[in-house]
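**Q**
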Amino acid sequence: MRNLKFNKKIIYLSLILFNTALIRWWKIGQIPQLINQGEFQQRIIFSTISLLTVFLIYIYSKNLFSPKTALISAWVYSSLPWAQEQGRLNSIYNLTLFMFLILLIISNKYKSILLKSALWIIFIIFYYLLNPDTWLFHPPMYTQNISEYFNNIFSLISPSFLFFHNTSFWWGGMKEFGVMYISYIPFFLIGILILIYTKKNLSVIYGMSILTLIGALNPRFPEGRDIYLLVPFLTFTISIGIMKLIKRKELASRIILSLMLLCVVYELSQFYHYYYVHYQQDILKNILKINEPF
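Numbering of the sequence shown is given in this note's numbering, commencing with residue 14 and proceeding in unit increments.
Here you go:
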C-alpha cells in the first residue's frame with residue numbers, strides 16, 4: 014500500500030512537470046515575439062530553469078507541509094499568471110528564484126546558524142553578480158519619503174496587484190491579470206487564516222512580509238521584478254487553503270470546492286486566450302520601449 018501511494022505521488026508530480034513543460038515551451042520562440050533571434054537559446058534555458066523550479070517548490074513545500082499539499086503547490090505555482098509569464102522569458106529572476114529555493118531547502122534541513130549565514134551571503138553575492146545594477150546594491154537611489162514607501166506597501170498587498178492588475182513589469186507584463194487568479198482569493202484567505210490560527214510554518218507569512226517591505230523600497234516602483242521572489246510564499250498559502258477544503262468530507266464543502274475549482278479552470282482558459290491571442294499585440298505596442306532581452 015505504501016509503495017502504491019508512493020507511485021501515485023510520482024505519477025502526479027510527473028504529470029504536473031509534463032504539463033508545466035508544455036506551458037513553458039509551446040511556441041516559446043513566437044510568443045512573446047523575439048526582439049532578437051539570438052535570445053532564443055537563453056529563453057529556452059530560463060524556461061527550463063522555471064520548469065525545475067516547480068520541482069523545488071514541491072520539495073520545499075513537502076518539507077513544510079504534506080506530500081499532498083506539496084503536489085498542489087507545484088501545480089499552483091506552475092499555473093500562476095506571473096509564473097507562466099516569467100517562465101517563458103529570458104528573465105534572470107527565474108534563476109534567482111531557483112537559487113533562492115535551494116537556499117530555503119538547505120536552510121530548512123540544517124539548523125546551523127553559521128551555515129545559514131554563509132548561504133545567505135552566497136545568495137547575496139550571486140544576486141549581485143546576476144544583477145549588479147539593481148537598486149538593491151545602490152543605497153543612494155533610495156529617494157522615497159515615508160509616505161511614498163507606505164503607499165508602495167499598500168499597493169503590493171492590495172487586491173488590485175495580487176488578483177487583478179500586475180503592474181510590476183511595465184512593458185512586457187500582462188497587466189490584465191494579477192499575480193494570482195481572482196478565483197484563488199478564497200483559498201488565499203483561508204490559507205492566511207490557517208497559518209495565523211495554527212501558528213505553524215509562520216515562515217511563510219514572514220517571507221511574504223519581508224519581501225514586500227523590501228520590494229516597496231524600489232525607487233522605480235512599480236517597475237521591477239525583485240518582488241518575484243514572493244511568488245512561492247503566495248503559492249504555499251493558496252495550497253494550504255485548497256488542502257483545507259479537500260480534507261472536509263461534507264457534501265456542501267465538496268460542492269463549494271468543485272465550483273471554486275471550475276472558476277479556476279475558467280480563468281486559466283481566459284489567461285491562455287489572452288496570452289496566445291492578445292499578448293503579442295501588447296508587445297508590439299511597446300516594442301520601441303524594450304531595452305533589455307526577453
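Don't be surprised by glycine CBs; every beta carbon is placed ideally from N, CA and C.
Predicted model, so just to flag it, every value in this text is computed and none were measured.
1. Could you check where the alpha helix (DSSP H) with K13 kicks off and where it finishes?
2. Assign G220 to one of three DSSP states: helix, strand, or coil.
3. Is it true that the CB of M256 sits closer than 8 Å to the CB of T82?
4. Using CA atoms only, rank isn't needed, just tell me which of Y141, L226, I135 is closest to I356.
5. So, L116 versus L132, is the Cβ gap smaller than 8 Å?
6. Quick check: the segment 263 to 270 against the segment 217 to 236, are at least 3 beta-carbon pairs closer than 8 Å?
7. Is the separation between the beta-carbon of A87 and that of Y73 shorter than 8 Å?
8. With DSSP collapsed to three states, give me the class of S171.
9. Is V89 buried or exposed, if buried means 16 or more other CB atoms sit within 10 Å of its CB?
10. List the endpoints of the continuous alpha helix (DSSP H) containing R267.
11. Using DSSP with H/G/I as helix, E/B as strand and the rest coil, what is D239?
12. Does DSSP put Q50 in a helix, in a strand, or in coil?
13. By Cβ distance, which residues of its chain are closer than 6 Å to F113, with the 5 residues on each side in sequence left out?
14. Among G237, F201, G191, which has the Cα closest to the Cα of L149?
15. Please classify W95: is it buried, with 16 or more other beta-carbons within 10 angstroms of its beta-carbon, or exposed?
16. Do you know whose CA, among S271, V278, L202, L275, lies nearest F249's CA?
17. Pull up the distance between the alpha-carbon of L275 and that of S282, whole angstroms please.
18. L93: which of Y292, L127, V277 sits nearest, CA to CA?
19. In the DSSP assignment, find the unbroken alpha helix (DSSP H) run with N107 in it and report its ends.
20. Tell whether a beta-carbon distance below 8 Å holds between F177 and I251.
21. Could you check the C-alpha separation between S171 and G191 for me, to the nearest Å?
22. Take S63 as the anchor and find which of G42, L102, N121, K124 has the nearest alpha-carbon.
23. Determine the closest residue to N299 out of I126, I36, L128, Q46, with distance taken between C-alpha atoms.
24. Would you identify the three-state DSSP class for Y194, choosing helix, strand or coil?
25. Buried or exposed: which applies to Y285, given that a residue is buried once 16 or more other Cβ atoms fall within 10 Å of its Cβ?
26. Tell me which residues share the same chain as Y106 and place their Cβ nearer than 7 Å to its Cβ, disregarding the 5 neighbours each side in the sequence.
27. Indicate the three-state DSSP secondary structure (helix, strand or coil) for F234 in the structure shown.
28. Comparing C-alpha positions only, which one of I195, T211, T109 sits nearest to I138?
**A** For this structure:
1. No information on residue 13 is available, as it lies outside the stretch 14 to 307 that the chain covers here.
2. Here the question's residue 220 lines up with position 207 in the sequence shown. In the structure shown, the three-state DSSP call for G220 is helix.
3. Taking the sequence shown and counting its residues from 1, one reaches residue 82 at position 69. Taking the sequence shown and counting its residues from 1, one reaches residue 256 at position 243. In this structure, the beta-carbon distance from T82 to M256 falls below 8 Å.
4. The chain is shown from 14 up to 307; residue 356 falls before or after that span and cannot be answered.
5. In the sequence shown, counting from the first residue as 1, residue 116 sits at position 103. In the sequence shown, counting from the first residue as 1, residue 132 sits at position 119. For L116 and L132, yes; Cβs fall inside 8 Å.
6. Touching, no, given that fewer than three Cβ pairs across the two stretches are closer than 8 Å.
7. For the purposes of this step, residue 87 is taken as residue 74 along the sequence shown, with counting starting at 1. For the purposes of this step, residue 73 is taken as residue 60 along the sequence shown, with counting starting at 1. Contact flag unset, no.
8. On the sequence shown, residue 171 is found 158 positions in, with the first residue counted as 1. Note: S171 maps to coil in three-state DSSP.
9. Position 76 of the sequence shown, counting from 1, holds the residue named residue 89. Counting Cβ neighbours within 10 Å, V89 comes out buried, since at least 16 surround it.
10. For the purposes of this step, residue 267 is taken as the residue at position 254 of the sequence shown. Per DSSP, R267 belongs to the alpha helix (DSSP H) from 264 to 286.
11. Looking up residue 239 in the sequence shown gives position 226. When DSSP states are grouped into helix, strand and coil, D239 belongs to the helix group.
12. If you number the sequence shown from 1, residue 50 lands on position 37. Helix, per DSSP.
13. As a position in the sequence shown, residue 113 is number 100, starting the count at 1. Within the same chain, F113 has close Cβ partners L242.
14. Within the sequence shown, numbered from 1, the residue matching residue 149 stands at position 136. For the residues G237, F201, G191, the minimum Cα distance to L149 belongs to G237.
15. Translated into positions along the sequence shown, residue 95 becomes position 82. Answer is buried; the Cβ neighbour count reaches 16.
16. Counting from one through the sequence shown, the residue named residue 249 turns up at place 236. Out of S271, V278, L202, L275, L202 has the C-alpha closest to the C-alpha of F249.
17. For the purposes of this step, residue 275 is taken as residue 262 along the sequence shown, with counting starting at 1. For the purposes of this step, residue 282 is taken as residue 269 along the sequence shown, with counting starting at 1. Taking the straight line joining both Cα atoms gives about 11 Å.
18. As a working mapping, residue 93 is identified with position 80 in the sequence shown. That would be V277, whose Cα lies nearest to the Cα of L93.
19. Mapped onto the sequence shown, residue 107 falls at position 94. 105 to 122 is the span of the alpha helix (DSSP H), which, as asked, contains N107.
20. As a first step, residue 177 is located in the sequence shown; it is residue number 164 there, counting from the start. As a first step, residue 251 is located in the sequence shown; it is residue number 238 there, counting from the start. Not a contact, by the Cβ cut-off of 8 Å.
21. Start at 1 with the first residue of the sequence shown, and residue 171 comes out as number 158. Start at 1 with the first residue of the sequence shown, and residue 191 comes out as number 178. One C-alpha to the other measures close to 10 Å.
22. Position 50 of the sequence shown, counted from the start, is the residue given in the question as residue 63. For S63, the nearest C-alpha among the options comes from L102.
23. Residue mapping note: residue 299 aligns to position 286 of the sequence shown, counting from 1. Considering only alpha carbons, the answer is Q46.
24. Translated into the one-based positions of the sequence shown, residue 194 becomes position 181. In the structure shown, Y194 falls within a coil segment according to DSSP collapsed to helix, strand and coil.
25. On the sequence shown, residue 285 is found 272 positions in, with the first residue counted as 1. Exposed, by the Cβ-count rule.
26. Looking up residue 106 in the sequence shown gives position 93. Q99, R238, Y241.
27. What you label residue 234 is simply residue 221 of the sequence shown in a count that begins at 1. Residue state, collapsed to three classes: coil.
28. Along the sequence shown, one-based indexing puts residue 138 at 125. Checked all of I195, T211, T109; the closest Cα to I138 is T109.
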